[in-house]
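The next block holds one structure in the form of structure tokens; read it before the comments.
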Amino acid sequence: MSRHLESIFINLKGSLEFEKRKLSDAQKKRIYERTMKKIKEKYCKNQC
Amino acid sequence: MVHDRDLVAMLKEDPARGIKVALDCYGGAINKICETYLRGYPKEDIEETVSDCYVELWRSIDRFDLTRNVNLKNYFYGIARIQSLNQRRKLAKIGRWKWTDYEGMKETGREIPDPCDIEQEVEDKIESEKVLELINRMPYPDQEIFRLRYVKVHSEKEIAKQVDLSVKAVESRLARGRKRLRKQLSDCGVIV
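Respectively, the protein sequence lines represent chains A and B.
Going by our numbering, the first sequence opens with residue 3, and the numbers climb by one from there.
Going by our numbering, the second sequence opens with residue 5, and the numbers climb by one from there.
Quick look at the structure:
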């Protein structure tokens, strides 16, 4: 097995934890509002 | 978990809903990628980058090709990596590195992060995600064999008992599977 593939396999366990991370509702709300504000700005800019 | 095709359609037709769903599905991982690349920077800058990732996902969704061998998750992780690197460059340019944090790190004995280590850490995680996704697509019993061997780190003998195959059969399925994985990974741009 190549050394790189071997190291990817070693990292597999950690990657499962990485995906399990969740944001709090407050964090989600902040990011959502900030994102939508930027999207609206960009969208309006393209429309005008 | 929402199917890629549905999330892509949502982001195109109803961005507000699409962003909400993307936050539910990938919020934690995207946050972790940005946090890792921007370790030492204020929370405000990290959240700004996280929200830029969702804007970029929405903005570039027409370019995402559902027929290619890349899922939306890995595409999004790639966006997070690029956005974080851009933000780090931008912040360094305007001198936003928090030297107070640097002092704090020295006082508390915490190590100052090496940017190369951080990039490697995130790249490793993204690669592992790709491998995991490919393993999840394997047919039975290969999927089970790979999970037991590389996620749960069981021996080939233990696996043979669990999947009711000979040790030799497990070994050869692992060898063939690794060969296929190498090919699939190089198709995704990962050199192994």
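Note that the Cβ used here is the ideal one computed from N, Cα and C, for glycine as well.
Here the structure is a predicted model, which is why all the values come from computation and not from measurement.
Notebook entry, point to check: Taking a cut of 9 Å between CB atoms, which residues from the region 35-51 of chain B lie near chain A?
Noted result: Asn35, Lys36, Ile37 and Glu51
Margin query: Can you give me the C-alpha to C-alpha distance between threonine 37 of chain A and serine 55 of chain B, rounded to a whole angstrom?
Written below: 5 Å
Notebook entry, point to check: Are there 16 or more other CB atoms within 10 angstroms of the CB of isoleucine 98 of chain B, so buried, or fewer, so exposed?
Noted result: exposed
Margin query: Tell me which residue opens and which closes the alpha helix (DSSP H) that tyrosine 30 of chain B is part of.
Written below: 19-41
Item checked: Beta-carbon contacts of methionine 14 of chain B that lie in its chain and below 7 Å, excluding the five residues immediately before and after -> Arg21, Gly22 and Val25
Next item on the list: Using only alpha-carbon positions, find the residue among B:Asp18, B:Val135, B:Ser176 and B:Gly31 that is nearest to lysine 187 of chain B.
Entry: B:Val135
Next item on the list: State yes or no: is the beta carbon of arginine 63 of chain B nearer than 8 Å to at least one beta carbon in chain A?
Entry: yes
Next item on the list: Helix, strand or coil for lysine 102 of chain B, going by three-state DSSP, please let me know.
Entry: Reliability fails at lysine 102 of chain B, whose pLDDT of 48 lies under 50, so the model's placement of it is uncertain and no value is given.
Notebook entry, point to check: What are the residues of the region 11-24 of chain B that lie near chain A, defined by any Cβ-Cβ distance shorter than 7 Å?
Noted result: Pro19, Ala20, Ile23 and Lys24
Notebook entry, point to check: Cβ of tyrosine 79 of chain B less than 8 Å from any chain A Cβ?
Noted result: no
Check: Cα-Cα, which of B:Leu61, B:Lys36, B:Tyr45 and B:Leu70 is closest to glutamine 91 of chain B?
Finding: B:Tyr45
Note to self: Just to confirm, is the Cβ distance from isoleucine 83 of chain B to glutamate 48 of chain B under 8 Å?
What the structure shows: no
Notebook entry, point to check: Where does serine 64 of chain B fall in DSSP's three states?
Noted result: coil
Margin query: Checking 8 Å against the spacing of the C-beta atoms, do isoleucine 130 of chain B and asparagine 78 of chain B come in under that value?
Written below: yes
Check: Nearest to glutamate 51 of chain B by CA position, among B:Gly32, B:Val171 and B:Trp62, is which residue?
Finding: B:Gly32
Note to self: Suppose you measure from the CA of lysine 172 of chain B to the CA of glutamine 166 of chain B; what does that come to, to the nearest Å?
What the structure shows: 14 Å
Check: From arginine 9 of chain B to valine 157 of chain B, what distance separates their C-alpha atoms?
Finding: 33 Å
Checklist line | Three-state secondary structure (DSSP) of aspartate 10 of chain B | finding: helix
Check: Where does the unbroken alpha helix (DSSP H) through tyrosine 79 of chain B begin, and where does it stop?
Finding: 76-97
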